[in-house]
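Residue numbers (this note's numbering): 0 to 295.
Put into structure tokens, the structure is as follows:
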């Protein structure tokens, strides 16, 4: 698909991401002609606008009764419905993937790792590009500072901090770590308290990472890396920057057919989160990522 107008469907409005994507695509045109042309509401949240309000605010032409009503008039679908912390992501995405519509799934891709595996398998069978990520992977601060991190030399440790609970919000802190270091985590060991989590992620051939999710501290995303030549820290706060870059990556996928993240990396990241859940349930025992992936 060449550059020019690209018709984007929006599935779900019960998250702040819906308004962010609509504003950036339809008001600011951050992705070269890609615009949301229809929206489906689904379950509502009192602190977020309903589909009709979102459509009126951001000049979205149509509000549909069912997510698949305009499936044949869709070049890219954004599945952002937040019901059950992402429990409906895969069921809502499945008909679009089956029909060959490039599909972006909001974070976390799935609550059940097996569902994510099944969606990527369907995508491979149908030749449909699919991607899922936290927007923190596309933080402009990380990209701007990438050379500074390279100058550290071989990394010994990386500390990644974010807000919220482990699985639903911890995906942000883990994904910003992956944006810097990449995949390859062997095992996870997580300790949890009512107001915070601390997890160790061990790379086979790389640094030891510490991921913290804090519920009793100011809302922030922060990354510090320690290497042979020093240390460097960055705070991530430009939400327009990371949401905009995330949407450009999704639109580029729709136009080229190439997902910005390899499916296996997304599955590994979900397995890391699941391993953290299992570790805490087992009193902080180490849980290998391979054992979680094998179980899926």
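C-beta atoms are modelled at their ideal positions from N, C-alpha and C, and glycine is treated no differently. Source: prediction; values computed, not measured.
Here DSSP, grouped into helix, strand and coil, assigns residue 162 to strand.
Ranking 111, 287 and 196 by CA distance to the CA of residue 212 puts 196 first.
The count of Cβ pairs closer than 8 Å, one atom from the stretch 180 to 192 and one from the stretch 232 to 252, stays below three, leaving the stretches out of contact. Taking C-alpha positions only, residue 178 is separated from residue 59 by approximately 32 Å.
For residue 63, no alpha helix (DSSP H) segment is defined, and its DSSP state is neither H nor E. For residue 137, no alpha helix (DSSP H) encloses it, and the DSSP letter there is neither H nor E. Using a Cβ-Cβ distance cut-off of 8 Å, the stretch 252 to 259 and the stretch 271 to 281 are not in contact, since fewer than three pairs of beta carbons, one from each stretch, lie closer than that value. Between the alpha carbons of residue 69 and residue 123 lies a distance of about 23 Å.
The three-state secondary structure of residue 47, taken from DSSP, is coil. For residue 205, same chain residues with a beta-carbon under 7 Å away, outside a window of 5 residues either side, are 154, 180 and 183 in chain order. Cβ-Cβ distances below 7 Å link residue 174 to 132, 133, 135, 136 and 268 in the same chain, with the five nearest sequence neighbours on each side left out; the list follows chain order. Apart from sequence neighbours up to five positions away, the residues of its chain that approach residue 223 with a beta-carbon distance below 6 Å are 158 and 232, ordered along the chain.
Distance from the Cα of residue 103 is smallest, within the candidate group 115, 79, 202 and 97, for 79. The straight-line gap separating the alpha-carbon atoms of residue 54 and residue 65 is approximately 15 Å.
Residue environment analysis places residue 218 among the exposed positions, since fewer than 16 neighbouring C-beta atoms fall within 10 angstroms of its C-beta.
Annotation for residue 280: the continuous alpha helix (DSSP H) segment containing it runs 262 to 280. Per the coordinates, the alpha-carbon of residue 286 lies some 6 Å from the alpha-carbon of residue 278.
For residue 24, there is no enclosing alpha helix (DSSP H), as DSSP gives it neither H nor E. Less than 7 Å separates the beta-carbon of residue 96 from that of residue 121.
Every alpha helix (DSSP H) of 4 residues or more that sits fully in the stretch 203 to 264 is shown, in chain order, as 238 to 255. Cβ-Cβ distances below 7 Å link residue 92 to 78, 102, 104 and 118 in the same chain, with the five nearest sequence neighbours on each side left out; the list follows chain order. Going by beta carbons, residue 98 and residue 108 fall outside the 7 Å limit. In the displayed model, residue 14 falls within coil according to three-state DSSP, outside both helix and strand.
With respect to residue 202, residue 156 sits apart: the two C-beta atoms are not nearer than 7 Å.
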